[in-house]
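To keep things clear, I will list the structure first and then write my remarks on it.
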DNA sequence: CGTGCGATGTAATATTGTATCGTGCGAGGA
DNA sequence: TCCTCGCACGATACAATATTACATCGCACG
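Protein chains in written order, with our numbering: chain A, 77 to 232; chain B, 77 to 232.
Right under this line is the structure:
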């Protein structure tokens with residue numbers, strides 16, 4: 077689809093890429109952060125901070141508080157390791173942490189699955205439209221709610 | 077900016093337009109709905125359901141529960157009398173209820189003010205991109221966080 | 001007069017997000 | 001070695017947002 081190489085990662089490779097990126101930015105890659113990242117990457121739909129707290133709690137056999145998860149998610153978002161889906165109050169791991177994009181998310185109302193597409197022509201168009209209106213864009217949020225290919229048939 | 081006539085409404089005229097639109101759709105225009113609409117239209121920044129509940133409570137001299145407000149806001153959104161700002165968990169009145177648009181919201185992180193622009197070229201581009209990915213778009217959410225013209229200077 | 005239905009009220013609860021303060025631990029200096 | 005300083009994390013409380021279940025009210029209709 078896109079023209080450039082995204083270095084898609086999965087599993088351990090993804091975790092490793094995340095670690096690299098975080099340490100490169102001068103942040104620590106702690107056990108807790110690794111656990112949160114693994115939990116996040118383990119979901120196949122966007123996960124709320126509480127979902128993640130629960131997953132990490134289970135994985136570690138001890139209770140992990142939501143606010144710790146929030147802290148780490150905020151860090152991840154700022155480091156581009158994860159993205160927040162505003163219309164779902166949830167988070168997804170970024171499968172190509174090295175690339176900076178204004179992502180476009182497609183969110184299936186039926187199954188909750190999300191896919192993300194990159195279209196710099198569109199996103200820069202949005203930024204330009206904002207600028208033209210005298211606004212200084214910082215973070216575009218472009219999300220489309222609807223039905224994914226799988227659910228489009230199912231849900232009449 | 078836009079090419080077509082938006083029939084911008086304000087104050088009583090806006091309320092009246094809202095009433096018209098709702099009744100046209102076979103819904104009732106009740107006192108409660110009018111009160112919620114007035115409260116919503118009275119805010120100059122997006123208002124949360126609880127903000128509105130409080131405003132209506134004050135106006136009516138009695139306690140109005142959040143869930144009544146949510147019900148009515150949902151109705152308003154579905155009738156295009158109001159729009160939900162996903163990234164702010166809040167609502168704004170639609171000043172041109174007659175027109176259907178995929179709106180683009182510009183949300184100032186500093187003052188909370190929002191402006192909305194219509195750019196069918198962009199929004200249809202987003203819909204097309206989603207369709208091209210095998211996705212059936214229902215409701216695009218396009219919001220840009222940043223600084224409005226007034227705040228851009230202030231907040232260095 | 002019932003009866004049904006849409007709108008609203010009441011209450012409880014679930015979910016999401018923040019604030020505050022304490023604790024442990026490692027890096028680096030006296 | 002010991003100190004202490006900052007960072008990550010824990011614990012707790014709380015605030016804000018959203019939903020659920022059920023009761024009630026009033027009105028149109030037979």
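Glycine residues also receive a C-beta, built at the ideal position from the N, C-alpha and C atoms.
- Message: Counting only Cβ pairs nearer than 9 Å, list the residues of chain B close to residue 202 of chain A.
- Response: 180, 195, 198, 202, 218, 220
- Going by alpha carbons, who is nearest to residue 159 of chain B out of B/151, B/89, B/169? B/169
- Query: Could you give the distance in angstroms between the alpha-carbon of residue 223 of chain B and the alpha-carbon of residue 183 of chain B?
  - Reply: 7 Å
- If you run the structure through DSSP and keep just helix, strand and coil, what is residue 79 of chain B? Confidence in residue 79 of chain B is poor, its pLDDT being 45 and thus under 50, which makes the residue's placement too unreliable to answer from.
- Message: What does the alpha-carbon distance come out to for the pair residue 109 of chain B and residue 148 of chain B?
- Response: Rounded to whole angstroms, residue 109 of chain B to residue 148 of chain B spans 6 Å at the Cα level.
- Where does the unbroken alpha helix (DSSP H) through residue 87 of chain B begin, and where does it stop? Taken as a continuous stretch (DSSP letters only), the alpha helix (DSSP H) holding residue 87 of chain B covers 87-100.
- Check whether the Cβ of residue 137 of chain B lies closer than 6 Å to any heavy atom of the ligand GDP, and answer yes or no. No copy of the ligand GDP appears in this structure; indeed no ligand is present at all.
- Message: With distance defined between alpha-carbon atoms, name the residue in A/204, A/131, A/151, A/100 nearest to residue 117 of chain A.
- Response: Of the candidates A/204, A/131, A/151, A/100, the one whose C-alpha sits nearest the C-alpha of residue 117 of chain A is A/131.
- Message: My output table needs one value for residue 106 of chain A: the three-state DSSP class, helix, strand or coil.
- Response: coil
- Message: DSSP three-state label for residue 155 of chain B, please.
- Response: Reduced to three states, the DSSP call for residue 155 of chain B is coil.
- Item | Residue closest to residue 91 of chain A, alpha-carbon to alpha-carbon, out of A/111, A/186, A/188, A/185 | A/111
- Query: Alpha carbon to alpha carbon, how far is residue 125 of chain A from residue 146 of chain A?
  - Reply: 6 Å
- Under a Cβ-count criterion, where at least 16 other Cβ atoms within 10 Å of its own Cβ denotes burial, should residue 89 of chain A be classed as buried or exposed? exposed
- Item | residue 225 of chain A beta carbon less than 7 Å from that of residue 173 of chain A | no
- Chain-order list of residues whose beta-carbon lies under 8 Å from that of residue 120 of chain A (same chain, five-residue window excluded): 189
- Item | chain A residues whose Cβ lies nearer than 9 Å to that of residue 214 of chain B | Among the residues of chain A, those whose CB is under 9 Å from the CB of residue 214 of chain B are 185, 220, 221, 222, 223, following chain order.
- Any chain B beta carbon closer than 7 Å to residue 207 of chain A: no
- Item | Buried or exposed (CB count within 10 angstroms, at least 16 for buried), residue 232 of chain A | At residue 232 of chain A the pLDDT is 42, less than 50, meaning the model places this residue with poor confidence and gives no usable figure here.
- Message: For residue 222 of chain A, report the span of its beta strand (DSSP E) as first-last.
- Response: 212-223
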